[in-house]
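Chemist:
Chains as they are written, first to last, in our numbering: chain A, 1 to 981; chain B, 1 to 300.
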């Protein structure tokens with residue numbers, strides 16, 4: 001009996017697997033989501049000739065090459081090239097290879113069209129920079145091979161499309177000719193290469209494309225000089241502008257003769273003052289000129305005269321010419337009309353005729369049309385139909401066919417600049433009974449299913465149903481605040497000036513807003529998001545809002561733009577064009593009575609401006625006037641400065657909200673030996689649970705916790721380039737911990753033979769940074785912890801009881817700190833793209849470092865591994881404390897990848913937000929892709945897991961109660977029998 | 001005795017000579033060692049600065065003896081400290097003097113820093129008192145390059161004036177150096193400066209200055225282990241410590257299960273006894289007797 005019992009227990013034991021940090025396969029997608037994007041499309045090539053899957057291959061501004069399903073817009077395959085590997089052109093060769101030219105024309109790659117595998121890669125060398133051009137002629141064929149012509153870096157290369165071999169190269173840089181166009185002559189294996197030498201000498205080369213033999217070279221000088229792009233009008237005529245930008249120059253190089261013909265823009269009846277430029281296009285016999293705010297379509301008549309065909313406003317977009325059915329050409333024109341967008345497809349050379357005219361309703365949040373690509377297909381009635389791929393101002397991609405939007409992609413989300421979070425609305429009272437009943441029934445049903453699953457009674461359909469229930473539990477995508485604080489809105493600012501609110505439950509877009517463009521500002525850029533108003537006391541009747549800070553133009557001196565956006569409704573509440581710039585924005589730890597946070601904006605004259613501009617704000621500010629300090633890091637000059645508020649601005653216009661500042665301290669790094677490469681400060685909203693750290697010897701160490709710590713890393717200027725550019729002897733990395741109130745250097749340490757890039761994270765009393773060690777040829781991570789010695793005497797219990805301690809005394813930065821630091825260094829295998837640390841509501845839970853690896857994954861590494869107190873042989877007491885024996889490298893445990901099998905392509909940042917539940921932190925990683933998950937660094941010790949089977953618990957209790965009753969009845973009966981005996 | 005003394009002295013003399021020989025030998029090696037150290041540091045690529053440890057505070061009172069250095073005087077440099085009261089302009093307030101040491105590799109470092117402060121004039125006193133009244137900043141600045149001042153710019157540091165007065169005026173300089181460049185200067189009170197800063201006038205209007213010259217510390221190297229140790233450690237780390245076992249998660253099942261099992265076991269213990277009823281007469285009777293007595297006891 002006993003043996004059976006043991007066996008039973010063992011069986012039961014073995015069925016309960018030991019819990020581990022990682023996920024189970026069926027838990028994927030329960031609390032995480034992953035979204036794939038590509039970015040704003042630059043080029044698109046359709047591949048629809050063959051039967052089978054219709055697709056469009058695109059390259060984007062995020063350096064992504066992707067093949068999209070033309071029916072649904074899904075990604076077939078996708079490659080994210082590096083940050084410096086900008087795509088210059090794409091095309092399809094041999095009907096099966098996607099050819100991409102990237103890295104300023106120096107890398108040519110071929111990808112297999114069906115599956116995206118790389119077939120070959122060629123590096124093209126050249127001496128001089130020139131416009132990269134990619135030409136894949138259709139008729140230059142030798143056997144099964146066809147030629148690819150690439151003009152880049154001053155050379156013309158002919159590359160075999162089968163294996164990427166460079167067949168011949170012709171150097172034009174030697175003749176100082178800058179190639180402008182490579183033109184293929186119809187039905188022959190000759191090509192024209194035209195370019196300028198200097199600004200006025202025109203060269204035309206006729207080359208045999210098969211062997212690179214120069215057939216003819218003509219040159220002619222044009223006194224007016226050339227500027228800007230050229231537009232090819234026919235195979236032997238092109239149009240460009242002269243240096244005054246007021247004369248259109250038609251260059252024809254027919255019959256080995258170069259002829260110039262000048263046409264004054266004013267002769268075409270146009271005002272040529274202002275910005276004139278020729279837009280690159282490939283329409284036959286026609287080209288587009290942009291003058292100020294409108295565009296001109298100009299046609300080259302048969303008598304070589306120019307005439308204006310049409311004049312449109314600048315918002316109109318024209319596609320490239322598309323050749324369909326025996327040399328017929330078509331192009332698309334997209335015009336805006338109110339809330340509608342009109343798409344017209346016109347046959348080449350005939351402006352007044354329309355092949356297709358469609359008008360589609362367009363959400364005004366998408367802004368203007370930026371690009372259009374067209375493709376033709378055969379309709380069921382054998383006539384030609386056209387579909388258009390439209391790129392909008394908000395970077396979204398739409399496919400339009402038959403006057404309808406077939407699909408759309410929100411690709412602005414590939415270019416996130418800044419992220420913040422917002423709480424969801426509080427759940428309102430009054431839930432209907434029916435709903436409760438329904439949900440109760442659902443709940444029971446779900447749990448019965450789960451129970452079945454647990455008891456291994458579930459059929460495959462049931463298992464599928466369980467999985468479906470788990471994945472789309474309505475609970476997690478509700479639009480209300482939850483008890484645990486798991487549901488939040490992720491407010492995301494993108495490069496497209498569009499703000500999205502993503503629901504943290506399932507990642508859907510709750511609302512999106514394209515920021516209003518004011519008349520005064522032509523090219524605004526957005527910078528940062530700040531939480532403007534987070535109501536707690538008025539949570540029921542006031543909505544939180546965010547502040548979007550942008551600037552009008554690129555330079556840091558450009559005037560700032562502020563927008564306020566309601567995070568529940570997605571409406572822009574207000575927007576200001578400021579007169580001053582905003583170099584730095586500082587949220588203050590004060591809020592006014594409406595719970596609007598006070599913000600200081602620093603302009604380029606080092607004045608600070610207070611927002612919101614209310615008298616209440618100024619009175620709050622005045623109280624804290626002498627306690628406001630700020631610092632600035634001038635990385636280019638190698639100077640860090642500390643500032644304080646001095647007085648009100650003195651100016652002609654009295655501005656109560658403007659203050660002068662003064663420099664309190666400065667740190668000047670010698671230019672010849674140090675260059676700032678990283679400056680990291682603590683997260684302002686970080687919570688530290690305890691100041692003291694009890695060591696194994698029953699000793700107390702006090703953490704030096706200051707909100708005003710700044711970590712700065714400098715490297716030798718020689719070693720500031722990429723890894724390998726400097727010898728270990730001339731490379732060093734110096735790290736500093738600086739108090740930003742007094743400018744005191746608390747800690748300074750040199751790593752010899754080390755160089756950047758440095759990624760660092762500063763939290764509580766420690767900093768962890770990642771760099772490259774040139775001597776060891778490996779990446780390293782160092783940790784430094786600071787402890788406060790001035791509080792070290794507070795160990796005596798008696799003292800604490802009697803209140804003779806200084807723990808509650810206010811800490812002043814002006815006191816001389818007595819600190820000790822401890823450091824340790826470990827090797828780390830990966831290079832790193834971003835580092836973050838988990839943050840929880842009360843700071844009790846132990847921390848994990850979140851490391852964005854070079855493989856675009858997020859690795860969670862326990863902070864315990866980066867403890868400077870690790871030693872080779874920890875004592876028993878230290879082991880009990882949780883100190884891990886020292887090793888020279890940090891472990892990479894495959895199960896601890898937060899992103900499990902997924903990749904966050906182009907990873908740029910990791911945001912951690914505390915949930916209300918102390919054990920849990922929310923992680924959002926963004927790059928080209930988005931990934932969101934929930935982490936519990938020390939497990940969910942404060943709640944039952946989601947897959948906890950309440951039904952099983954209930955069943956057990958019921959069974960127990962039943963058993964009690966049964967045994968009671970039995971014993972009663974037995975006793976009765978006994979009594980009767 | 002009198003005779004013995006010279007003998008003893010002679011002995012001493014010889015001994016000391018011997019010692020001197022030794023010490024001179026040792027001294028030579030010491031010199032070498034010093035050089036060695038510099039070599040080592042130089043090998044560390046940076047024009048490293050001599051005192052590796054932050055030189056213990058060379059505290060000097062206001063009027064420091066300005067020793068005429070016995071070394072060549074051209075290696076001696078001076079740079080001035082300037083101060084400002086609140087937002088006023090900077091005026092000279094003192095002089096730092098130091099020896100410029102040139103290592104054989106061209107790296108230059110400062111050693112033997114001395115500081116002499118100018119006494120406060122009556123006007124200065126008034127200004128300082130004003131600062132104390134307003135709880136304003138007392139600011140100082142140093143050139144960023146000590147050889148060719150001011151270098152790129154001045155290094156500024158400031159402190160709330162109320163932090164300084166004690167007996168006299170206590171000040172503490174920590175000058176962070178990089179070769180001949182001053183990176184930063186931390187200026188402040190010698191001790192604590194508790195927050196609600198009390199207005200307190202000094203008894204003596206003289207400065208009590210402490211200066212520390214600090215250079216960068218070397219970072220500790222990453223520990224390097226033999227392969228096998230690494231393997232062991234690596235292994236040890238890869239397996240996370242078995243966390244709270246299933247008890248933590250399944251106790252609520254286990255306890256009832258245990259109860260049920262115990263129940264079942266006790267049941268089972270009884271069952272066979274009843275099951276053998278037909279066969280084992282003796283046992284049964286024994287049990288019956290037992291039971292009988294038990295019930296008898298109960299009945300009483």
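We put the beta carbon where it would ideally sit given N, CA and C, even for glycine.
1) For a test of the three-state rule: what should DSSP assign to residue 52 of chain B, helix, strand or coil?
2) Which residue spans inside the stretch 546 to 594 of chain A form an unbroken beta strand (DSSP E) run of at least 3?
3) How about the stretch 771 to 784 of chain A and the stretch 692 to 702 of chain A: do they share at least three Cβ pairs that are nearer than 8 angstroms?
4) Between residue 916 of chain A and residue 41 of chain A, what straight-line distance do the alpha-carbon atoms span, to the nearest angstrom?
5) Any idea if residue 589 of chain A is buried or exposed, counting beta-carbon neighbours within 10 angstroms, 16 or more meaning buried?
6) Do you know how far the Cα of residue 515 of chain A is from the Cα of residue 558 of chain A?
7) Within the continuous beta strand (DSSP E) that includes residue 297 of chain A, where are the two ends?
8) Do residue 332 of chain A and residue 388 of chain A come within 9 angstroms of each other at the CB atom, strictly closer than that value?
9) Just the chain A side, please: which residues come within less than 9 angstroms of residue 178 of chain B by C-beta, in chain order?
10) Any idea which residues DSSP pairs residue 693 of chain A with across the strands?
11) From the DSSP output, read off the bridge partner residues of residue 494 of chain A.
12) I'd like to know whether the C-beta atoms of residue 90 of chain A and residue 122 of chain A end up nearer to each other than 9 angstroms.
13) Could you tell me the alpha carbon to alpha carbon distance between residue 339 of chain A and residue 285 of chain A, rounded to whole angstroms?
14) Identify which residue in A:210, A:49, A:183 and A:179 has its Cα closest to the Cα of residue 195 of chain A.
15) Could you have a look at residue 190 of chain B and say whether DSSP puts it in helix, strand or coil?
16) Identify which residue in A:528, A:142, A:868 and A:742 has its Cα closest to the Cα of residue 786 of chain A.
17) Quick check on the burial criterion: 16 or more other C-beta atoms within 10 angstroms. Buried or exposed for residue 262 of chain B?
18) Going by beta carbon distance, what residues of the same chain come within less than 6 angstroms of residue 751 of chain A, once the five residues before and after it are set aside?
19) May I ask you to report which of helix, strand or coil DSSP gives residue 854 of chain A?
20) Within a Cβ cutoff of 6 angstroms, which residues of the same chain sit near residue 85 of chain B, ignoring the five residues on either side of it in sequence?
21) Between the stretch 853 to 873 of chain A and the stretch 959 to 970 of chain A, do three or more beta carbon pairs fall short of 8 angstroms?
22) Who are residue 110 of chain B's beta bridge partners in DSSP?
23) Find the nearest neighbour of residue 216 of chain B within the set A:932, A:673, A:549 and A:959, judged by alpha-carbon distance.
24) Exposed or buried, what is residue 508 of chain A when buried is set at 16 or more other beta-carbons lying within 10 Å of its beta-carbon?
25) Excluding the five sequence neighbours on either side, which residues of its own chain have a C-beta within less than 6 angstroms of the C-beta of residue 268 of chain A, listed in chain order?
26) Using the DSSP secondary-structure output, state which residues sit across from residue 739 of chain A in a beta bridge.
27) Nearest-angstrom Cα distance between residue 743 of chain A and residue 709 of chain A?
28) Could you tell me which chain A residues have their CB closer than 8 angstroms to the CB of residue 220 of chain B, listed as they occur along the chain?
29) Can you tell me the Cβ-Cβ gap for residue 220 of chain B and residue 824 of chain A, rounded? I've got them flagged as a contact below 8 angstroms.
30) Suppose you measure from the CA of residue 57 of chain B to the CA of residue 144 of chain B; what does that come to, to the nearest Å?
31) Please list, in chain order, all residues of the same chain as residue 976 of chain A whose beta carbon is under 6 angstroms from its beta carbon, the five residues on each side excluded.
32) With distances taken between CB atoms, is the gap from residue 100 of chain B to residue 75 of chain B smaller than 9 angstroms?
33) For a quick check, are the C-beta atoms of residue 498 of chain A and residue 395 of chain A less than 9 angstroms apart?
34) Quick check on the burial criterion: 16 or more other C-beta atoms within 10 angstroms. Buried or exposed for residue 175 of chain B?
35) Could you give the distance in angstroms between the alpha-carbon of residue 409 of chain A and the alpha-carbon of residue 398 of chain A?
36) Please report how far the alpha carbon of residue 974 of chain A lies from the alpha carbon of residue 980 of chain A, in whole angstroms.
Modeler: Reading it off the structure:
1) Residue confidence for residue 52 of chain B is low, a pLDDT of 37 falling below 50, so the modelled location carries little weight and cannot support an answer.
2) 559 to 566, 572 to 581 and 584 to 591, all fully within the stretch 546 to 594 of chain A.
3) Counting C-beta pairs with one atom in each stretch, the stretch 771 to 784 of chain A and the stretch 692 to 702 of chain A have fewer than three that are closer than 8 angstroms, which means they do not touch.
4) Rounded to whole angstroms, residue 916 of chain A to residue 41 of chain A spans 40 angstroms at the Cα level.
5) Taking every protein chain shown into account, the CB of residue 589 of chain A has fewer than 16 other CB atoms within 10 angstroms, so this residue is exposed.
6) A straight line joining the alpha-carbon of residue 558 of chain A with that of residue 515 of chain A spans about 18 angstroms.
7) 294 to 300 is the span of the beta strand (DSSP E), which, as asked, contains residue 297 of chain A.
8) It is a contact, given that the beta carbons lie within the stated cut-off.
9) For residue 178 of chain B, the C-beta contacts it makes with chain A under 9 angstroms involve 669, 670, 673, 674 and 734, in order along the chain.
10) Answer is A:701, bridged to residue 693 of chain A.
11) As DSSP reads the structure, residue 494 of chain A sits in a beta bridge with A:416.
12) No, the Cβ-Cβ distance between residue 90 of chain A and residue 122 of chain A is not below 9 angstroms.
13) When rounded, the distance between both Cα atoms is 32 angstroms.
14) Ranking the options by Cα distance to residue 195 of chain A, first place goes to A:179.
15) Residue state, collapsed to three classes: coil.
16) In this structure, A:868 is the residue among A:528, A:142, A:868 and A:742 with its C-alpha nearest to the C-alpha of residue 786 of chain A.
17) Around the beta carbon of residue 262 of chain B, fewer than 16 other beta carbons lie within 10 angstroms, which makes this residue exposed.
18) Cβ neighbours of residue 751 of chain A beyond the five flanking positions: 733.
19) In this structure, residue 854 of chain A counts as coil in the three-state DSSP scheme.
20) Correct list, in chain order: 127 and 131.
21) Flag = no, the stretch 853 to 873 of chain A and the stretch 959 to 970 of chain A do not touch.
22) BP columns for residue 110 of chain B point to B:100.
23) Among A:932, A:673, A:549 and A:959, the Cα nearest to that of residue 216 of chain B belongs to A:673.
24) It is exposed - the Cβ of residue 508 of chain A has fewer than 16 other Cβ atoms within 10 Å.
25) Counting only Cβ-Cβ distances below 6 angstroms, and skipping sequence neighbours, we find 308.
26) Residue 739 of chain A is bridged to A:709.
27) The alpha-carbon atoms of residue 743 of chain A and residue 709 of chain A are separated by roughly 10 angstroms.
28) Chain A residues near residue 220 of chain B: 823, 824 and 825.
29) Residue 824 of chain A and residue 220 of chain B do touch by the CB rule: their CB atoms are close to 7 angstroms apart, below 8 angstroms.
30) Bear in mind that the predicted position of residue 57 of chain B carries a pLDDT of just 38, short of 50, making it too unreliable to give a figure here.
31) If we look at residue 976 of chain A and ignore the five residues flanking it on each side, it has no Cβ neighbours.
32) The Cβ atoms of residue 100 of chain B and residue 75 of chain B lie closer than 9 angstroms to each other.
33) Taking 9 angstroms as the cut-off, the Cβ atoms of residue 498 of chain A and residue 395 of chain A count as close.
34) The residue is buried, with at least 16 neighbouring Cβ atoms inside 10 Å.
35) Between residue 409 of chain A and residue 398 of chain A, the C-alpha separation is close to 7 angstroms.
36) If I take the Cα positions, the gap works out to 10 angstroms.
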